[in-house]
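Colleague:
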Amino acid sequence: MKRMFRVWLVMCIAVTFVLPACLWAGETLDAVKKKGVVTVGVNGSLFGFGMPDEKGAWKGLDVDTGRAVAAAVFGDATKVKFVPLTAVQRFTDLQSGEIDVLCRNATRTLNRDTALGLDFVHPNYYDGQGFLISKKLGVKSARELDGATVCVLPGTTTISGDSILKAA
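Numbering-wise, the sequence shown is residues -25 to -1, 1 to 143 according to mature numbering (1 follows the signal peptide of the UniProt record, and there is no 0).
1) Which one or two residues does DSSP pair with Pro59 in a beta bridge?
2) Let me make sure I understand the geometry here. Which of Leu36, Ala123, Leu91 has the alpha-carbon closest to that of Phe106?
3) For Lys110, which of helix, strand or coil comes out of DSSP?
4) Specify, as a first and last residue, the run of the alpha helix (DSSP H) that Val48 falls within.
5) Looking only at C-alpha atoms, which of Asp68, Lys8, Ala6, Val38 sits nearest to Leu21?
6) Within a Cβ cutoff of 8 Å, which residues of the same chain sit near Ala(-5), ignoring the five residues on either side of it in sequence?
7) Gln64 lies in the alpha helix (DSSP H); which residues open and close that run?
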C-alpha cells in the first residue's frame, strides 16, 4: 500500500510539472494552426545551415528542420515562412512571438535555459573550439600560447569559454 502511494505521489508531482509546459505549447501550436504557416527564425547567412541559394530558395540544416516542423504540424513542409535573424534578434523575436520557433545556431547555456525562460530541444549539431596554428611555430600545447592573441567572434559563447585558455 505504501509503495502504491509513492507511485501515485510521484505521478502527481510529474503531472504538476509537465502539464503547464504542455498547455503553454498548446497555445503556440493553436496560434500556428490558425495562421496556417509556421514562422521559423533562421540564420540567413550561414552556409549549410540557413541561407537562400542563388534562386532565392532556402537551403540548409536549420531550414530543413523548420520544414520538418511544418510537415509535423500541417502535413505540408511548404507551410513555412523563414525569417532571417541576427544573433542579437534571435531570442527577443522568439520571446515576443515574432517567430514561432527558432531553428538557428544558438548555444544552449544555463542562463538561456533559466533567465530567458526558453525551452531548448536536443541539439541537432555539435561543434567545438580549437586553435589553428602554423606548423612552423612548433606549438604542441595551448600552454605554449601564453601571451598570444586569440580572436573570437564578439557576442558568442566562445568568449565565455575563455576560462579554458586561463586554465591551460
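Every residue gets a Cβ at the ideal spot worked out from N, C-alpha and C, and that includes glycine.
Modeller: In short:
1) On the sequence shown, residue 59 is found 84 positions in, with the first residue counted as 1. Note: Pro59 sits in a beta bridge opposite Val17.
2) Within the sequence shown, residue 106 is the residue found at index 131, counting from 1. The alpha carbon of Phe106 has as its nearest neighbour, out of Leu36, Ala123, Leu91, the alpha carbon of Ala123.
3) For this step, residue 110 is matched to residue 135 along the sequence shown. The answer is helix: DSSP assigns Lys110 an H, G or I state.
4) Looking up residue 48 in the sequence shown gives position 73. Segment 36 to 49, the alpha helix (DSSP H) holding Val48.
5) In the sequence shown, residue 21 corresponds to position 46, counting from 1. The shortest CA-to-CA distance from Leu21 to any of Asp68, Lys8, Ala6, Val38 is the one to Val38.
6) Counted from its first residue, the sequence shown places residue -5 at position 21. Only weak support is given to the placement of Ala(-5): the predicted model assigns it a pLDDT of 47, under 50, and the question is left unresolved by the model.
7) Here residue 64 is taken as the residue at index 89 of the sequence shown, counted from 1. From DSSP, the alpha helix (DSSP H) with Gln64 extends over 64 to 71.
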